[in-house]
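In this text, residue positions in the sequence shown follow our numbering: the first is 18, and each later residue adds one. Here a beta-carbon is modelled for each residue, glycine too, at the ideal position from N, C-alpha and C.
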Amino acid sequence: MKLSAIQATEETHAAISDIVNIREQSALHRVMTSQAFWVAAALFALVVFMTWLEPTFGTADNVTNITRNFAPLAIMSLGMTVVIITGGIDLSVGSVMGLVAIVTGLLLTWHHSWYVAFAAGLLAGLACGAFNGFFVAYIGMPSFVVTLGMLSIARSLAVVLSGNQMLYQFGPDAPIVRAIGQAKWPLHPPTGWAPRWMPEFSSHFWVMVILALILGAIFIFTAWARHLYAIGSNENAARLTGVSVDWIKFQAYVFSALTASIASLLLLGYSGSAINAMGTGYELRVIAGTVIGGANLMGGYGTAFGAVIGSAFLEVIRNALLMAGIDSNWQGAFVGMFIVIAVLLGMQTSGTSLVATIREWIVWKRV
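Shown next as structure tokens:
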């Protein structure tokens, strides 16, 4: 009897060990086959190649510039990822940036405290997100139409409120505003301890890291995230299982506007001025970074890591083009090409074969 009990215990432990190994292997397989992983690998290869081709590419100063430039886009891509997971899109993020900058800048020029101005800017951005979320989630309008309308509304409000003028006389709190946007850590000597080969990472970068870690944890550990993915995968099924579909979709658009507002405040502090044109054209770049990082435009999939990696990839491409002496106007062509490639990769990973799709189209045309 004792021998049988020992054998049963050993078999149980072996079975548990096999299950753990299978889970570890499946988790590793998911990581290795994810689009974000391969984009990260391509990003690493591109950085190595460009450093070999142009040694100044890998210098601390250039890496500092790259991280500072892509961080606001990555912050906005985190918000866009949440919206895209639900199966929607937010075309208003660039215009929201402009409106937030102008509202904040106006209060600063009226000599209000920096925290009052920042709070007003955030509230303006959240109001835009609430507008989008209400009409998409509760009225049932297409997200493309609603956010396209907000793109025009927010930009027009920014122009009207600013009188089409640049705002830069920020009053007594101007040094604090600039410090928020221009802060770096770690610093090089004599003010800091960092060796010369180490980049000085901007406040934009650290805010991005914190937000990405928080959102990544939310995606992994919370029921809210599971509901988010369920809505994007099958909204009707999610609704039948008791998921608060409308409320969660509303929250997604508010969060997207929040990330656009945070990016706007950081850029406002960095530049030391507010212009109504801030964020113009950012919509495409943010969507591109999100999709390149693996988010599925059809909904149901997206990660915080992918949003950051996709945004970094775009900025490295832009920087590499400048280093190579290629006209920066080509950047738009590359962005469009990468969006198409990313969507094709998404089709493959979701089980939709590109070859099969083309074959079905040919058969349909013949009929």
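Exercise for the section: Report back the beta-carbon spacing between K266 and V120 to the nearest angstrom; my notes put them in contact at under 8 Å. Expected result: Translated into positions along the sequence shown, residue 266 becomes position 249. Translated into positions along the sequence shown, residue 120 becomes position 103. Actually they do not touch by this definition, with Cβ atoms about 26 Å apart.
Handout entry: Where G317 sits in the DSSP three-state scheme
Key = As a first step, residue 317 is located in the sequence shown; it is residue number 300 there, counting from the start. Coil at G317, not helix or strand.
Problem - Limits of the unbroken alpha helix (DSSP H) element including W127 - result: Here residue 127 refers to the residue found at position 110 when the sequence shown is read from its first residue. Per DSSP, W127 belongs to no alpha helix (DSSP H) and is neither H nor E.
Practice task
Could you pull the start and end residues of the alpha helix (DSSP H) that E300 belongs to?
Solution key: To locate residue 300, count along the sequence shown from 1; it is residue 283. Per DSSP, E300 belongs to the alpha helix (DSSP H) from 299-309.
Practice task
Could you name the residues of the same chain whose beta carbon sits closer than 6 Å to that of T68, not counting the 5 residues immediately before and after it, in chain order?
Solution key: Reading the sequence shown from its first residue, position 51 is the one you call residue 68. Closer than 6 Å at Cβ, skipping near neighbours: F74, G75.
Practice task
Determine contact between the stretch 228-241 and the stretch 313-324, defined as no fewer than three beta-carbon pairs at a distance below 8 Å.
Solution key: yes
Exercise for the section: Can you check DSSP and say which residues form a bridge with T201? Expected result: As a working mapping, residue 201 is identified with position 184 in the sequence shown. It is worth fixing the name first, because residue 201 is Lys in this sequence and not Thr. Note: K201 sits in a beta bridge opposite S219.
Exercise for the section: Use the C-beta contact count for H221: other C-beta atoms within 10 angstroms, 16 or more gives buried, fewer gives exposed. Expected result: Locating residue 221 in the sequence shown gives position 204, where the first residue counts as 1. Buried.
Exercise for the section: Return the chain-ordered list of same chain residues with a C-beta closer than 7 Å to the C-beta of M340, the five sequence neighbours on each side being excluded. Expected result: Counted from its first residue, the sequence shown places residue 340 at position 323. The residues are M67, E71, F74.
Problem - Spatial distance of G310 from A53 (CA atoms) - result: Walking along the sequence shown from the start, residue 310 turns up at place 293. Walking along the sequence shown from the start, residue 53 turns up at place 36. Answer to the nearest angstrom: the Cα atoms are 5 Å apart.
Exercise for the section: State the Cα-Cα distance for the pair V352 and R302, rounded to the nearest angstrom. Expected result: Along the sequence shown, read from residue 1 onward, the residue named residue 352 stands at position 335. Along the sequence shown, read from residue 1 onward, the residue named residue 302 stands at position 285. When rounded, the distance between both Cα atoms is 7 Å.
Handout entry: E252 versus S261 - alpha carbon distance
Key = The residue labelled residue 252 in the question sits at position 235 within the sequence shown. The residue labelled residue 261 in the question sits at position 244 within the sequence shown. If I take the Cα positions, the gap works out to 10 Å.
Exercise for the section: Return the Cβ separation of Y132 and G289 in integer angstroms, given the expectation that the two are a contact with Cβ distance under 8 Å. Expected result: Sequence index remark: in the sequence shown, residue 132 carries index 115 (1-based). Sequence index remark: in the sequence shown, residue 289 carries index 272 (1-based). About 18 Å separates the beta carbon of Y132 from that of G289, a gap too long to meet the 8 Å contact definition.
Problem - V56 - containing alpha helix (DSSP H), residue span - result: The residue labelled residue 56 in the question sits at position 39 within the sequence shown. Segment 52-70, the alpha helix (DSSP H) holding V56.
Problem - Same chain, Cβ closer than 6 Å to L116, five either side skipped, listed in chain order - result: As a first step, residue 116 must be located in the sequence shown, where it is residue number 99. So the qualifying residues of the chain are A141, A171, L174, A175.
Handout entry: Exposure of N293, with buried meaning 16 or more beta-carbon neighbours within 10 Å
Key = Counting from one through the sequence shown, the residue named residue 293 turns up at place 276. Classification for N293: buried.
Problem - Among L362, R243, T84, the one whose alpha carbon lies nearest that of S328 - result: Position 311 of the sequence shown, counted from the start, is the residue given in the question as residue 328. Closest option to S328, Cα to Cα, is T84.
Exercise for the section: For S219, count neighbouring Cβ atoms within 10 angstroms of its own Cβ and tell me buried if that reaches 16, exposed if not. Expected result: Within the sequence shown, residue 219 is the residue found at index 202, counting from 1. The residue is buried, with at least 16 neighbouring Cβ atoms inside 10 Å.
Exercise for the section: Would you identify the three-state DSSP class for L184, choosing helix, strand or coil? Expected result: As a working note, residue 184 is residue 167 in the sequence shown. Of the three classes helix, strand and coil, the one that applies to L184 here is strand, per DSSP.
Practice task
State the Cα-Cα distance for the pair G105 and L282, rounded to the nearest angstrom.
Solution key: Numbered from 1 along the sequence shown, position 88 holds the residue referred to as residue 105. Numbered from 1 along the sequence shown, position 265 holds the residue referred to as residue 282. Approximately 25 Å between the Cα atoms of the pair.
Exercise for the section: Under 8 Å Cβ to Cβ from P189, same chain only, skipping five residues before and after it: list those, please. Expected result: Translated into positions along the sequence shown, residue 189 becomes position 172. The answer, listed in chain order, is H128.
Exercise for the section: Within 10 angstroms of the Cβ of L125, are there 16 or more other Cβ atoms? Answer buried if so, exposed if not. Expected result: One-based indexing of the sequence shown puts residue 125 at position 108. Buried.
Exercise for the section: Return yes when the Cβ of V271 is within less than 8 Å of the Cβ of G150, no when it is not. Expected result: As a position in the sequence shown, residue 150 is number 133, starting the count at 1. As a position in the sequence shown, residue 271 is number 254, starting the count at 1. Yes.
Exercise for the section: Using the DSSP secondary-structure output, state which residues sit across from A141 in a beta bridge. Expected result: One-based indexing of the sequence shown puts residue 141 at position 124. Note: A141 sits in no beta bridge, so no partner.
Exercise for the section: Tell whether a beta-carbon distance below 8 Å holds between A337 and L143. Expected result: Taking the sequence shown and counting its residues from 1, the one referred to as residue 337 is at position 320. Taking the sequence shown and counting its residues from 1, the one referred to as residue 143 is at position 126. The answer is no: Cβ separation not under 8 Å.
Handout entry: Residue range of the unbroken alpha helix (DSSP H) whose run includes L257
Key = In the sequence shown, residue 257 corresponds to position 240, counting from 1. L257 -> alpha helix (DSSP H) spans 252-257.
Problem - Spatial neighbours of D263 in its chain, beta-carbon cut-off 8 Å, leaving aside the 5 residues before and after - result: Working through the sequence shown from its first residue, we reach residue 263 at position 246. Around D263: A154, Y155.
Handout entry: For N79 and M158, the rounded distance between their alpha carbons
Key = Locating residue 158 in the sequence shown gives position 141, counting from the first residue. Locating residue 79 in the sequence shown gives position 62, counting from the first residue. Going by the C-alpha atoms only, they are around 44 Å apart.
Exercise for the section: Name the two residues that bound the continuous alpha helix (DSSP H) containing D263. Expected result: Here residue 263 is taken as the residue at index 246 of the sequence shown, counted from 1. Residue range 262-288 is occupied by the alpha helix (DSSP H) that includes D263.
Practice task
Tell whether a beta-carbon distance below 8 Å holds between L362 and P89.
Solution key: For the purposes of this step, residue 362 is taken as residue 345 along the sequence shown, with counting starting at 1. For the purposes of this step, residue 89 is taken as residue 72 along the sequence shown, with counting starting at 1. In this structure, P89 does not lie closer than 8 Å to L362 by Cβ.
Handout entry: Pair within 8 Å by beta-carbon distance, S94 and G306
Key = On the sequence shown, position 77 is the one that residue 94 refers to. On the sequence shown, position 289 is the one that residue 306 refers to. Taking 8 Å as the Cβ cut-off, S94 and G306 qualify as a contacting pair.
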